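Worksheet for the structure shown next.
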Amino acid sequence: MRAVRPGYRERPSGGVPLFLWFYMRVSAIGMIGLVIGHLYIMHILNSTDTIDFAFVAERFRGPLWRTYDLVILIFALSHGLVGLRGIFDDYIHHRGWRVAAEVAMWVVGVVFLAFGALVLFTFQPPAAGR
Amino acid sequence: MYRGHPGMLAWVLHRITGLAVLLFLFAHIVETSMILVSPEAYNKAIELYRQPWFKPLEFLLVAAVLFHAGNGLMVMIIDFIPTPSRTYRRMFWIGAGVYAVLLVPVAYFMLGGLVGLR
Ligand code: HEM
Ligand code: HEM
Numbered sequence: 001m002r003a004v005r006p007g008y009r010e011r012p013s014g015g016v017p018l019f020l021w022f023y024m025r026v027s028a029i030g031m032i033g034l035v036i037g038h039l040y041i042m043h044i045l046n047s048t049d050t051i052d053f054a055f056v057a058e059r060f061r062g063p064l065w066r067t068y069d070l071v072i073l074i075f076a077l078s079h080g081l082v083g084l085r086g087i088f089d090d091y092i093h094h095r096g097w098r099v100a101a102e103v104a105m106w107v108v109g110v111v112f113l114a115f116g117a118l119v120l121f122t123f124q125p126p127a128a129g130r
Numbered sequence: 131m132y133r134g135h136p137g138m139l140a141w142v143l144h145r146i147t148g149l150a151v152l153l154f155l156f157a158h159i160v161e162t163s164m165i166l167v168s169p170e171a172y173n174k175a176i177e178l179y180r181q182p183w184f185k186p187l188e189f190l191l192v193a194a195v196l197f198h199a200g201n202g203l204m205v206m207i208i209d210f211i212p213t214p215s216r217t218y219r220r221m222f223w224i225g226a227g228v229y230a231v232l233l234v235p236v237a238y239f240m241l242g243g244l245v246g247l248r
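Going down the list, the protein sequences come from chains A and B.
Under the numbering used here, the letters of the first sequence match residues 1 to 130, in that order.
Under the numbering used here, the letters of the second sequence match residues 131 to 248, in that order.
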C-alpha cells in the first residue's frame, strides 16, 4: 500500500531537485543534535536570565563553541533557505518573480552567513577579569 | 492526500515552524553580532529575553524547534521506509503524545520562574 505523505515533497527523480531534497535531509540529521544541544545549554543548563556578555566571552575563549556555532549557522541557514526556496516554488507561479525571489533570498542568505561567520572568527574576548 | 488526515495539520505546522525559526535565526545572528560592538551593546540586545512578556514567545520558539525536529524525523522515516497510511496515523498520535509529554519539563524550566515554581 502507498504511504500517505500529505504535503511533503516526493523524492524528485534527478538533477538539482533531487540533490536539494537530499540536502534537506542530510542537513536535518546533521543539525538535530546540535540545535537541541544549543537550546539545552541555553535554557536548561543556563537561563536567559543569566546569559550575558561575560557568558559568551567565556564560551568564545577557545575554538570549541565557535566551531559548534559555525556548524549550526551553516546547516540551519542553508537548510532554512533551501526550505524557503521550496515554498517559493509552491506559491510563486510566475517564473520571473520566482527567480527574482530566489536570487534575493540567496543574496540575503550569503550576507547573513558571512556576517555570522565573521562574528565567530573575529571576536576577541577581553582580557580576563572584565 | 485527502482531507482530514492528521498529517495534513502536521505538514502545515512543519512549514510554519520552519519559517518562524528561520526568521528568528536572522534576528539571532544580528543580536549575537553585538558582541563585536561592546559588552553593553550585547547586554542591551539580550535584555529582551529577560522581559517577562517575552518568556512565552521564547517558549513558543523552543516548542516550534522541537515540533519541527520531531516531525522532520518522522517525515524522513516515511521517506525511506514505505509506511502504510494506517501506520502513519498511529505514528502521528504517538508522536503527538511524546511531544506533549516533552513540553512539560521544557515549560517547567522556561516558564516556571514566571509563576514562582523555580
Ligand atoms: C532541528 C532539526 C531539523 C530537522 C530534523 C528538520 C527536518 C526537515 C525536513 C525533513 C524537511 C523537509 C520536508 C519536506 O521535504 O517537505 C524540512 C523542511 C524545512 N525546514 Fe527543517 N529541520 C530541522 C531544523 C530546521 C531549522 C533550524 C530551520 C530554520 C532555520 C528549518 C527550516 C525549514 C524550512 C523553512 C523547511 C521547508 C518547509 C516546507 O517546505 O514546508 N528546519 N525540515
Ligand atoms: C531562545 C533560544 C536561544 C537562545 C537563548 C540562544 C542563545 C545563544 C547565545 C547566547 C549565543 C552566543 C554564542 C554562544 O554563547 O554560543 C548564540 C549563538 C548562536 N545561536 Fe542561539 N540561542 C537560541 C536559539 C537558537 C536557535 C533556535 C538556533 C538555530 C536555528 C540558534 C543558532 C545560533 C547560531 C547559528 C549562533 C551563532 C551566531 C553567529 O554566527 O554569530 N540559536 N545563541
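Virtual Cβ for every residue (Gly too), placed ideally from N, Cα, C.
Being a predicted model, the structure only gives us computed values, none of them experimental.
Closer than 8 Å to chain B by CB, residue i
i, result
"D52 of chain A", "yes"
"M1 of chain A", "Reliability of the predicted coordinates at M1 of chain A is poor, the pLDDT of 39 falling under 50, and no value is obtained from them."
"A114 of chain A", "no"
"Y8 of chain A", "yes"
"V107 of chain A", "no"
Any non-hydrogen atom of ligand 2 closer than 7 Å to residue i Cβ
i, result
"Y179 of chain B", "yes"
"S27 of chain A", "no"
"S13 of chain A", "no"
"T50 of chain A", "no"
"V82 of chain A", "no"
Distance CB(residue i)-CB(residue j) smaller than 8 Å
i, j, result
"I146 of chain B", "D52 of chain A", "no"
"I165 of chain B", "F112 of chain A", "no"
"H198 of chain B", "G137 of chain B", "no"
"A193 of chain B", "A150 of chain B", "no"
"D89 of chain A", "R98 of chain A", "yes"
"M240 of chain B", "F189 of chain B", "yes"
"F115 of chain A", "S215 of chain B", "no"
"R180 of chain B", "D69 of chain A", "no"
"V82 of chain A", "Y23 of chain A", "yes"
"V35 of chain A", "I92 of chain A", "no"
"M31 of chain A", "H79 of chain A", "yes"
"M105 of chain A", "L77 of chain A", "no"
"S27 of chain A", "F60 of chain A", "no"
Short CB-CB distance (under 8 Å) between residue i and chain A
i, result
"T162 of chain B", "yes"
"I176 of chain B", "yes"
"V156 of chain B", "This sequence places Phe at residue 156 of chain B; Val is not what is there. Yes, F156 of chain B lies at the interface with chain A (some Cβ there is under 8 Å from its Cβ)."
"R180 of chain B", "yes"
"I146 of chain B", "no"
"Y172 of chain B", "yes"
"L166 of chain B", "yes"
"F239 of chain B", "yes"
"A226 of chain B", "no"
"W223 of chain B", "no"
"G202 of chain B", "yes"
"L190 of chain B", "no"
Residue i CB to nearest heavy atom of ligand 1 below 7 Å
i, result
"R145 of chain B", "yes"
"H198 of chain B", "yes"
"Y8 of chain A", "yes"
"V205 of chain B", "yes"
Taking a cut of 7 Å between CB atoms, which residues from the segment 36-66 of chain A lie near chain B? I36, L39, H43, I44, T48, D49, I51, D52, F53, V56
Closer than 7 Å, Cβ to any Cβ of chain B: which residues of the segment 69-84 of chain A, in chain order? A76, L77, G80, G83, L84
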